[in-house]
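The sequence shown begins at 2 in this note's numbering and counts up one residue at a time.
To start, the structure under review is shown below, and the notes come after it.
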Amino acid sequence: MQTYDISRSQALYARAQEVIPGGIFGHYGYSVREDGPKFFSRAEGAHFWDVDGNDYIDYMCAYGPMILGYRHPAIEAAVEAEQRHGNTVSLAAPIMVELAETLVETVAAADWALFGKNGGDATGLAVMVARAATGRAKIVKVDGGYHGVAPWMREGFPGAIPADLEQVLKVPWNDADAFEQLISDHAGEIACFISSPYHHPVFADNELPAPGYWARMEALCRANGIVLIVDDVRSGFRLHPAGSNVAYGFTPDLICFGKAIGNGHPLAALVGTDALKDAAKDVYFTGTQFFNAAPMAAAKATLDELGKMDAVGRMTDLGTKLSDGLVKLAGQRGYELIASGIPAMPYYRLANVSQRTHFAWIDECVKRGVYMLGYHNHFLSTAHTEADLQRTWEVADAAFEALGEPELAPAAAAG
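Structure, rendered in C-alpha coordinates:
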(Lines of atoms letter the chains of each structure in order from A; the text may use other names.)
(Lines give C-alpha, C1' and ligand atoms only; values in the text may rest on other atoms or scores of the structure.)
Protein backbone atom coordinates (compact mmCIF):
# COMPACT_ATOMS: atom_id res chain seq x y z
CA MET A 2 0.00 0.00 0.00
CA GLN A 3 1.55 3.28 -1.17
CA THR A 4 2.27 6.05 1.33
CA TYR A 5 1.31 9.67 0.73
CA ASP A 6 3.48 12.46 -0.64
CA ILE A 7 3.21 15.60 1.54
CA SER A 8 5.73 17.90 -0.13
CA ARG A 9 3.31 20.83 -0.45
CA SER A 10 2.36 20.51 3.22
CA GLN A 11 6.04 20.53 4.19
CA ALA A 12 6.73 23.63 2.09
CA LEU A 13 3.78 25.49 3.62
CA TYR A 14 4.94 24.46 7.10
CA ALA A 15 8.37 25.96 6.40
CA ARG A 16 6.67 29.22 5.38
CA ALA A 17 4.53 29.14 8.51
CA GLN A 18 7.55 28.82 10.79
CA GLU A 19 8.84 32.14 9.48
CA VAL A 20 5.77 34.10 10.63
CA ILE A 21 4.06 31.94 13.30
CA PRO A 22 5.88 30.78 16.46
CA GLY A 23 6.29 27.04 16.03
CA GLY A 24 4.65 27.13 12.60
CA ILE A 25 1.49 25.56 14.02
CA PHE A 26 0.68 26.36 17.65
CA GLY A 27 -1.54 25.21 20.50
CA HIS A 28 -3.03 21.73 20.53
CA TYR A 29 -2.67 21.49 16.73
CA GLY A 30 1.04 22.03 17.24
CA TYR A 31 1.21 18.93 19.43
CA SER A 32 -0.11 16.84 16.54
CA VAL A 33 2.58 17.89 14.07
CA ARG A 34 4.61 14.88 12.95
CA GLU A 35 7.66 15.08 10.69
CA ASP A 36 6.15 12.86 8.00
CA GLY A 37 2.51 13.81 8.57
CA PRO A 38 0.17 16.34 6.94
CA LYS A 39 0.15 19.88 8.32
CA PHE A 40 -2.64 21.71 6.45
CA PHE A 41 -5.99 20.74 4.96
CA SER A 42 -7.48 21.92 1.67
CA ARG A 43 -11.09 20.78 2.13
CA ALA A 44 -13.30 18.49 4.23
CA GLU A 45 -16.50 16.57 3.63
CA GLY A 46 -18.36 14.03 5.78
CA ALA A 47 -15.86 12.03 7.81
CA HIS A 48 -12.93 12.87 5.50
CA PHE A 49 -10.51 15.71 4.91
CA TRP A 50 -7.97 16.30 2.16
CA ASP A 51 -4.55 17.83 2.77
CA VAL A 52 -2.96 20.49 0.56
CA ASP A 53 -1.26 17.72 -1.44
CA GLY A 54 -4.69 16.28 -2.32
CA ASN A 55 -4.43 13.21 -0.06
CA ASP A 56 -7.69 11.83 1.38
CA TYR A 57 -7.87 10.95 5.10
CA ILE A 58 -10.54 9.20 7.13
CA ASP A 59 -10.62 11.50 10.14
CA TYR A 60 -10.83 9.93 13.59
CA MET A 61 -9.94 13.15 15.38
CA CYS A 62 -13.01 15.03 14.10
CA ALA A 63 -11.18 18.35 14.64
CA TYR A 64 -10.52 17.19 18.24
CA GLY A 65 -14.23 16.49 18.71
CA PRO A 66 -16.31 19.29 17.16
CA MET A 67 -17.29 17.36 14.04
CA ILE A 68 -20.12 15.04 15.12
CA LEU A 69 -22.46 15.05 12.11
CA GLY A 70 -19.87 15.31 9.34
CA TYR A 71 -17.92 18.18 7.87
CA ARG A 72 -20.08 20.63 5.86
CA HIS A 73 -23.30 18.92 6.92
CA PRO A 74 -26.01 20.38 4.63
CA ALA A 75 -28.57 21.16 7.35
CA ILE A 76 -25.99 22.84 9.58
CA GLU A 77 -24.49 24.92 6.80
CA ALA A 78 -27.96 25.94 5.58
CA ALA A 79 -28.85 27.15 9.08
CA VAL A 80 -25.63 29.15 9.27
CA GLU A 81 -26.14 30.73 5.86
CA ALA A 82 -29.77 31.64 6.66
CA GLU A 83 -28.74 33.32 9.93
CA GLN A 84 -25.84 35.12 8.27
CA ARG A 85 -28.25 36.82 5.89
CA HIS A 86 -29.72 38.67 8.88
CA GLY A 87 -26.34 39.49 10.44
CA ASN A 88 -23.91 37.76 12.76
CA THR A 89 -22.18 40.08 15.24
CA VAL A 90 -24.58 42.96 15.85
CA SER A 91 -25.10 45.45 18.68
CA LEU A 92 -28.01 43.36 19.99
CA ALA A 93 -28.41 39.65 20.62
CA ALA A 94 -30.32 37.61 18.04
CA PRO A 95 -33.55 35.67 18.77
CA ILE A 96 -31.67 32.47 17.92
CA MET A 97 -29.92 32.79 21.30
CA VAL A 98 -33.23 32.35 23.10
CA GLU A 99 -34.24 29.50 20.82
CA LEU A 100 -30.94 27.71 21.42
CA ALA A 101 -31.20 28.14 25.19
CA GLU A 102 -34.73 26.71 25.08
CA THR A 103 -33.49 23.75 23.04
CA LEU A 104 -30.71 23.05 25.53
CA VAL A 105 -33.11 23.22 28.47
CA GLU A 106 -35.42 20.80 26.66
CA THR A 107 -32.57 18.46 25.69
CA VAL A 108 -30.24 18.38 28.70
CA ALA A 109 -31.77 16.74 31.76
CA ALA A 110 -29.99 18.92 34.36
CA ALA A 111 -30.44 22.24 32.54
CA ASP A 112 -32.79 25.01 33.67
CA TRP A 113 -30.84 27.78 31.91
CA ALA A 114 -27.94 28.30 29.50
CA LEU A 115 -25.17 30.83 28.89
CA PHE A 116 -22.82 30.93 25.90
CA GLY A 117 -19.18 31.45 24.98
CA LYS A 118 -16.87 30.38 22.18
CA ASN A 119 -14.57 27.64 23.54
CA GLY A 120 -14.85 24.89 26.09
CA GLY A 121 -12.48 26.85 28.30
CA ASP A 122 -15.01 29.68 28.38
CA ALA A 123 -17.61 27.30 29.78
CA THR A 124 -15.32 25.76 32.41
CA GLY A 125 -13.95 29.15 33.44
CA LEU A 126 -17.44 30.58 33.82
CA ALA A 127 -18.56 27.48 35.74
CA VAL A 128 -15.83 28.00 38.33
CA MET A 129 -16.72 31.69 38.68
CA VAL A 130 -20.40 30.87 39.17
CA ALA A 131 -19.49 28.28 41.81
CA ARG A 132 -17.32 30.79 43.67
CA ALA A 133 -20.00 33.48 43.46
CA ALA A 134 -22.66 31.09 44.79
CA THR A 135 -20.60 29.70 47.66
CA GLY A 136 -18.33 32.59 48.63
CA ARG A 137 -15.46 30.10 48.62
CA ALA A 138 -12.23 30.05 46.62
CA LYS A 139 -10.87 26.53 46.23
CA ILE A 140 -11.31 24.34 43.15
CA VAL A 141 -10.96 20.56 43.30
CA LYS A 142 -10.04 18.77 40.09
CA VAL A 143 -8.99 15.24 39.16
CA ASP A 144 -5.25 14.75 38.84
CA GLY A 145 -4.53 14.65 35.10
CA GLY A 146 -7.89 16.15 34.19
CA TYR A 147 -7.93 18.89 31.56
CA HIS A 148 -10.38 21.79 31.58
CA GLY A 149 -8.86 24.40 29.27
CA VAL A 150 -6.00 26.86 29.31
CA ALA A 151 -6.99 29.21 32.12
CA PRO A 152 -4.07 29.96 34.48
CA TRP A 153 -5.47 27.63 37.16
CA MET A 154 -5.07 24.75 34.68
CA ARG A 155 -1.50 25.48 33.53
CA GLU A 156 0.60 23.56 36.04
CA GLY A 157 4.06 22.90 34.62
CA PHE A 158 3.59 25.08 31.54
CA PRO A 159 5.65 28.18 30.71
CA GLY A 160 3.84 31.37 31.60
CA ALA A 161 2.08 29.95 34.67
CA ILE A 162 3.17 31.00 38.16
CA PRO A 163 2.65 29.27 41.52
CA ALA A 164 0.06 31.84 42.56
CA ASP A 165 -2.19 30.68 39.70
CA LEU A 166 -2.50 27.29 41.37
CA GLU A 167 -2.79 28.29 45.02
CA GLN A 168 -6.53 27.63 45.13
CA VAL A 169 -6.45 24.36 43.12
CA LEU A 170 -6.57 21.01 44.90
CA LYS A 171 -6.25 17.61 43.19
CA VAL A 172 -7.61 14.15 43.87
CA PRO A 173 -7.02 10.86 42.04
CA TRP A 174 -9.71 9.70 39.62
CA ASN A 175 -12.22 7.22 41.04
CA ASP A 176 -11.16 7.97 44.62
CA ALA A 177 -14.12 9.31 46.58
CA ASP A 178 -12.28 8.60 49.84
CA ALA A 179 -9.56 11.06 48.85
CA PHE A 180 -12.20 13.67 48.07
CA GLU A 181 -13.86 13.13 51.44
CA GLN A 182 -10.50 13.60 53.16
CA LEU A 183 -9.85 16.77 51.18
CA ILE A 184 -13.21 18.15 52.29
CA SER A 185 -12.26 17.45 55.90
CA ASP A 186 -8.84 19.07 55.47
CA HIS A 187 -10.35 22.19 53.86
CA ALA A 188 -13.70 22.44 55.60
CA GLY A 189 -15.79 25.33 54.30
CA GLU A 190 -13.18 26.36 51.71
CA ILE A 191 -14.10 24.33 48.60
CA ALA A 192 -16.29 26.05 46.04
CA CYS A 193 -16.50 23.28 43.46
CA PHE A 194 -15.44 19.90 42.18
CA ILE A 195 -14.90 19.81 38.40
CA SER A 196 -14.41 16.62 36.42
CA SER A 197 -15.13 14.99 33.10
CA PRO A 198 -17.80 12.28 33.33
CA TYR A 199 -15.06 9.72 32.77
CA HIS A 200 -11.30 10.17 32.86
CA HIS A 201 -9.68 10.88 29.48
CA PRO A 202 -6.17 12.26 30.09
CA VAL A 203 -3.57 12.51 27.34
CA PHE A 204 -0.83 9.88 26.98
CA ALA A 205 -2.74 7.46 29.23
CA ASP A 206 -5.51 4.88 29.14
CA ASN A 207 -8.96 6.34 29.63
CA GLU A 208 -10.86 5.16 32.71
CA LEU A 209 -14.59 4.81 33.29
CA PRO A 210 -16.16 5.61 36.69
CA ALA A 211 -16.20 2.78 39.19
CA PRO A 212 -19.64 1.52 40.30
CA GLY A 213 -21.09 3.93 42.84
CA TYR A 214 -18.37 6.54 42.31
CA TRP A 215 -20.56 9.33 40.98
CA ALA A 216 -23.39 8.71 43.44
CA ARG A 217 -20.98 9.13 46.31
CA MET A 218 -19.28 12.17 44.80
CA GLU A 219 -22.65 13.82 44.33
CA ALA A 220 -23.66 13.01 47.92
CA LEU A 221 -20.41 14.46 49.29
CA CYS A 222 -20.89 17.67 47.30
CA ARG A 223 -24.51 18.02 48.43
CA ALA A 224 -23.66 17.42 52.08
CA ASN A 225 -20.87 20.00 52.05
CA GLY A 226 -22.29 22.79 49.90
CA ILE A 227 -19.85 22.12 47.04
CA VAL A 228 -20.91 22.88 43.47
CA LEU A 229 -20.60 19.79 41.25
CA ILE A 230 -19.39 20.69 37.73
CA VAL A 231 -19.28 18.21 34.86
CA ASP A 232 -16.94 19.07 32.02
CA ASP A 233 -18.79 17.57 29.05
CA VAL A 234 -16.79 19.56 26.51
CA ARG A 235 -15.27 16.46 24.88
CA SER A 236 -17.87 13.82 25.60
CA GLY A 237 -21.01 15.94 25.26
CA PHE A 238 -23.61 14.33 22.96
CA ARG A 239 -21.40 11.28 22.33
CA LEU A 240 -22.22 9.44 25.56
CA HIS A 241 -25.84 10.42 26.22
CA PRO A 242 -28.02 12.97 24.40
CA ALA A 243 -29.30 14.46 27.67
CA GLY A 244 -25.84 14.90 29.22
CA SER A 245 -23.14 12.34 29.93
CA ASN A 246 -24.04 12.37 33.63
CA VAL A 247 -27.36 10.68 32.74
CA ALA A 248 -25.41 7.65 31.53
CA TYR A 249 -23.81 7.37 34.97
CA GLY A 250 -26.90 8.11 37.06
CA PHE A 251 -26.15 11.40 38.82
CA THR A 252 -27.11 15.07 38.60
CA PRO A 253 -24.52 17.87 38.55
CA ASP A 254 -25.16 21.53 39.31
CA LEU A 255 -23.40 22.80 36.18
CA ILE A 256 -22.49 21.19 32.84
CA CYS A 257 -19.96 22.59 30.37
CA PHE A 258 -20.45 21.95 26.66
CA GLY A 259 -18.28 22.84 23.68
CA LYS A 260 -16.75 21.05 20.71
CA ALA A 261 -19.63 19.07 19.15
CA ILE A 262 -22.39 21.47 20.16
CA GLY A 263 -22.05 23.44 16.90
CA ASN A 264 -20.62 20.71 14.61
CA GLY A 265 -17.46 22.77 14.21
CA HIS A 266 -18.90 26.27 14.42
CA PRO A 267 -17.41 28.17 17.38
CA LEU A 268 -19.70 27.93 20.38
CA ALA A 269 -19.66 26.72 23.97
CA ALA A 270 -22.40 26.60 26.58
CA LEU A 271 -22.73 26.44 30.33
CA VAL A 272 -26.01 25.02 31.59
CA GLY A 273 -27.14 24.77 35.18
CA THR A 274 -29.88 24.32 37.71
CA ASP A 275 -32.25 26.98 39.03
CA ALA A 276 -30.37 27.02 42.35
CA LEU A 277 -27.42 28.71 40.58
CA LYS A 278 -29.37 30.96 38.22
CA ASP A 279 -28.96 34.11 40.31
CA ALA A 280 -25.23 33.55 40.75
CA ALA A 281 -24.88 33.00 37.00
CA LYS A 282 -26.76 36.26 36.36
CA ASP A 283 -24.47 38.21 38.69
CA VAL A 284 -21.13 36.96 37.33
CA TYR A 285 -19.68 39.22 34.66
CA PHE A 286 -18.08 37.08 31.96
CA THR A 287 -18.22 38.02 28.30
CA GLY A 288 -16.42 38.40 24.99
CA THR A 289 -16.85 40.41 21.83
CA GLN A 290 -17.79 37.36 19.78
CA PHE A 291 -19.87 35.54 22.41
CA PHE A 292 -23.11 36.69 20.79
CA ASN A 293 -22.36 35.60 17.21
CA ALA A 294 -25.73 34.52 15.84
CA ALA A 295 -24.56 32.13 13.09
CA PRO A 296 -22.81 29.64 15.42
CA MET A 297 -25.91 29.61 17.63
CA ALA A 298 -27.96 28.69 14.56
CA ALA A 299 -25.42 25.94 13.86
CA ALA A 300 -25.78 24.64 17.41
CA LYS A 301 -29.56 24.59 17.32
CA ALA A 302 -29.49 22.80 13.97
CA THR A 303 -26.92 20.32 15.34
CA LEU A 304 -29.08 19.49 18.35
CA ASP A 305 -32.11 19.18 16.09
CA GLU A 306 -30.29 16.80 13.72
CA LEU A 307 -28.92 14.70 16.58
CA GLY A 308 -32.45 14.45 17.96
CA LYS A 309 -33.73 12.97 14.71
CA MET A 310 -31.59 9.85 15.04
CA ASP A 311 -30.04 7.56 17.60
CA ALA A 312 -26.75 9.40 17.20
CA VAL A 313 -25.15 8.03 20.37
CA GLY A 314 -26.17 4.50 19.40
CA ARG A 315 -24.70 4.89 15.92
CA MET A 316 -21.38 6.29 17.15
CA THR A 317 -21.18 3.66 19.89
CA ASP A 318 -21.82 0.87 17.39
CA LEU A 319 -19.27 2.22 14.90
CA GLY A 320 -16.70 2.78 17.63
CA THR A 321 -17.16 -0.72 19.02
CA LYS A 322 -16.72 -2.29 15.58
CA LEU A 323 -13.70 -0.12 14.81
CA SER A 324 -11.93 -0.97 18.07
CA ASP A 325 -12.77 -4.67 17.96
CA GLY A 326 -11.41 -4.88 14.41
CA LEU A 327 -8.20 -3.03 15.26
CA VAL A 328 -7.58 -5.15 18.36
CA LYS A 329 -8.07 -8.33 16.30
CA LEU A 330 -5.72 -7.13 13.55
CA ALA A 331 -3.06 -6.20 16.07
CA GLY A 332 -3.23 -9.65 17.61
CA GLN A 333 -2.84 -11.29 14.22
CA ARG A 334 0.34 -9.29 13.68
CA GLY A 335 1.75 -10.15 17.12
CA TYR A 336 0.84 -6.88 18.80
CA GLU A 337 -1.49 -6.12 21.70
CA LEU A 338 -3.67 -3.05 21.15
CA ILE A 339 -5.50 -1.61 24.16
CA ALA A 340 -8.70 0.31 23.40
CA SER A 341 -9.99 2.27 26.41
CA GLY A 342 -12.64 4.87 27.08
CA ILE A 343 -16.12 4.87 25.58
CA PRO A 344 -16.54 3.40 22.08
CA ALA A 345 -17.43 6.78 20.53
CA MET A 346 -14.17 8.28 21.92
CA PRO A 347 -11.57 5.47 21.93
CA TYR A 348 -8.01 5.86 23.13
CA TYR A 349 -5.57 3.42 21.55
CA ARG A 350 -2.28 2.18 22.95
CA LEU A 351 0.06 -0.57 21.82
CA ALA A 352 0.97 -2.51 24.96
CA ASN A 353 4.33 -4.07 25.83
CA VAL A 354 6.25 -1.99 23.31
CA SER A 355 7.93 1.38 23.48
CA GLN A 356 5.99 4.60 23.06
CA ARG A 357 8.13 5.18 19.99
CA THR A 358 6.73 2.00 18.43
CA HIS A 359 3.18 3.06 19.25
CA PHE A 360 3.71 6.43 17.57
CA ALA A 361 5.37 4.72 14.61
CA TRP A 362 2.22 2.64 14.04
CA ILE A 363 0.04 5.75 14.22
CA ASP A 364 2.38 7.50 11.74
CA GLU A 365 2.17 4.56 9.32
CA CYS A 366 -1.63 4.74 9.47
CA VAL A 367 -1.60 8.47 8.76
CA LYS A 368 0.78 8.02 5.82
CA ARG A 369 -1.82 5.74 4.23
CA GLY A 370 -4.91 7.87 4.83
CA VAL A 371 -6.24 7.16 8.34
CA TYR A 372 -5.83 10.22 10.55
CA MET A 373 -5.21 9.41 14.21
CA LEU A 374 -3.00 10.70 17.01
CA GLY A 375 -0.77 8.80 19.38
CA TYR A 376 -1.46 10.70 22.59
CA HIS A 377 -5.15 11.66 22.56
CA ASN A 378 -8.52 9.96 22.55
CA HIS A 379 -10.18 9.72 19.14
CA PHE A 380 -13.75 10.54 18.05
CA LEU A 381 -16.42 8.84 16.00
CA SER A 382 -19.13 10.78 14.19
CA THR A 383 -22.46 9.91 12.61
CA ALA A 384 -20.79 10.52 9.24
CA HIS A 385 -18.39 7.59 9.54
CA THR A 386 -19.46 4.55 7.52
CA GLU A 387 -18.92 0.82 7.39
CA ALA A 388 -16.78 1.45 4.30
CA ASP A 389 -14.61 3.79 6.36
CA LEU A 390 -14.12 1.06 8.95
CA GLN A 391 -13.15 -1.48 6.30
CA ARG A 392 -10.64 0.91 4.77
CA THR A 393 -9.27 1.72 8.24
CA TRP A 394 -8.66 -1.95 8.99
CA GLU A 395 -6.83 -2.38 5.68
CA VAL A 396 -4.63 0.62 6.42
CA ALA A 397 -3.99 -0.47 10.01
CA ASP A 398 -2.93 -3.92 8.83
CA ALA A 399 -0.55 -2.40 6.29
CA ALA A 400 0.84 -0.19 9.07
CA PHE A 401 1.49 -3.23 11.28
CA GLU A 402 3.17 -4.93 8.33
CA ALA A 403 5.41 -1.89 7.85
CA LEU A 404 6.47 -2.10 11.50
CA GLY A 405 7.43 -5.75 11.26
CA GLU A 406 7.65 -8.08 14.22
CA PRO A 407 7.08 -6.33 17.56
CA GLU A 408 10.08 -5.59 19.73
CA LEU A 409 9.01 -5.82 23.35
CA ALA A 410 9.82 -2.91 25.61
CA PRO A 411 12.59 -3.80 28.14
CA ALA A 412 10.23 -4.08 31.13
CA ALA A 413 7.82 -6.29 29.18
CA ALA A 414 10.62 -8.48 27.87
CA ALA A 415 12.07 -8.91 31.36
CA GLY A 416 8.66 -9.98 32.69
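Glycine included, every Cβ here is placed at the ideal spot set by N, Cα and C.
Original post:
Is it buried or exposed for V228, if we count other Cβ within 10 angstroms and need 16 for buried?
Top reply: It counts as buried.
**OP:** Enumerate in chain order the residues of its own chain whose CB-to-CB distance from F49 is below 6 Å, with the five nearest sequence positions on each side excluded.
**Re:** F41, Y57, D59
Original post:
In chain order, what residues of the same chain lie with their CB nearer than 6 Å to the CB of P407, ignoring the 5 residues before and after it?
Top reply: G335, Y336, V354
Original post:
Helix, strand or coil for H48 per DSSP?
Top reply: strand
Original post:
V272 bridges to which residues according to DSSP?
Top reply: A114, I256
Subject >> Residue of F401, G405, M346 minimising C-alpha distance to E208 >> reply: M346
Original post:
With burial defined as no fewer than 16 other Cβ atoms inside 10 Å of the residue's Cβ, what is the status of G405: buried or exposed?
Top reply: exposed
Subject >> the segment 196-204 contacting the segment 133-149, beta-carbon criterion three pairs below 8 Å >> reply: yes
Subject >> Cβ contact (3+ pairs, closer than 8 Å) linking the segment 361-368 and the segment 387-403 >> reply: yes
**OP:** Quick one: which unbroken alpha helix (DSSP H) runs of 4-plus residues sit fully inside the segment 281-322? Chain order, please.
**Re:** Runs found: 294-308.
Subject >> Length of the line joining the Cα atoms of R85 and H73 >> reply: 19 Å
Subject >> Cβ contact (3+ pairs, closer than 8 Å) linking the segment 153-162 and the segment 184-193 >> reply: no
Original post:
Nearest-angstrom Cα distance between C257 and D6?
Top reply: 40 Å
**OP:** Kindly identify the DSSP beta-bridge partner or partners of I191.
**Re:** I191 is bridged to K139.
Subject >> Within 8 Å, strictly: CB atoms of V313 and R239 >> reply: Cβ atoms of V313 and R239: closer than 8 Å.
Original post:
To the nearest angstrom, how far is it from the Cα of P253 to the Cα of Y285?
Top reply: 22 Å
Original post:
Which word fits K139, buried or exposed, when buried means at least 16 other C-beta atoms lie within 10 angstroms of its C-beta?
Top reply: buried
**OP:** Determine contact between the segment 88-106 and the segment 295-310, defined as no fewer than three beta-carbon pairs at a distance below 8 Å.
**Re:** yes
**OP:** Could you tell me whether the segment 59-71 touches the segment 369-389, using the rule of 3 or more Cβ pairs below 8 Å?
**Re:** yes
**OP:** Give a yes or no on contact between the segment 270-286 and the segment 98-116, applying the rule of three or more CB pairs nearer than 8 Å.
**Re:** Contact between the segment 270-286 and the segment 98-116 is present, because at least three Cβ pairs lie under 8 Å.
Original post:
Using DSSP with H/G/I as helix, E/B as strand and the rest coil, what is H200?
Top reply: Judged by DSSP in its simplified three-state form, H200 adopts strand.
**OP:** Could you check what DSSP says for L381 in three-state terms: helix, strand or coil?
**Re:** Here L381 sits in coil by DSSP.
**OP:** Measuring alpha carbon to alpha carbon, tell me which of D275, V234, E219 ends up nearest Y249.
**Re:** Closest option to Y249, Cα to Cα, is E219.
Subject >> Pairwise C-alpha distance: L323 and A414 >> reply: With a pLDDT of only 46 at A414, under 50, the local geometry of the prediction cannot be trusted, and no value is derived from it.
**OP:** Give me the Cα-Cα distance between T393 and M67, rounded to the nearest whole angstrom.
**Re:** 19 Å
Original post:
What's the gap between the Cα of K142 and the Cα of V172?
Top reply: 6 Å
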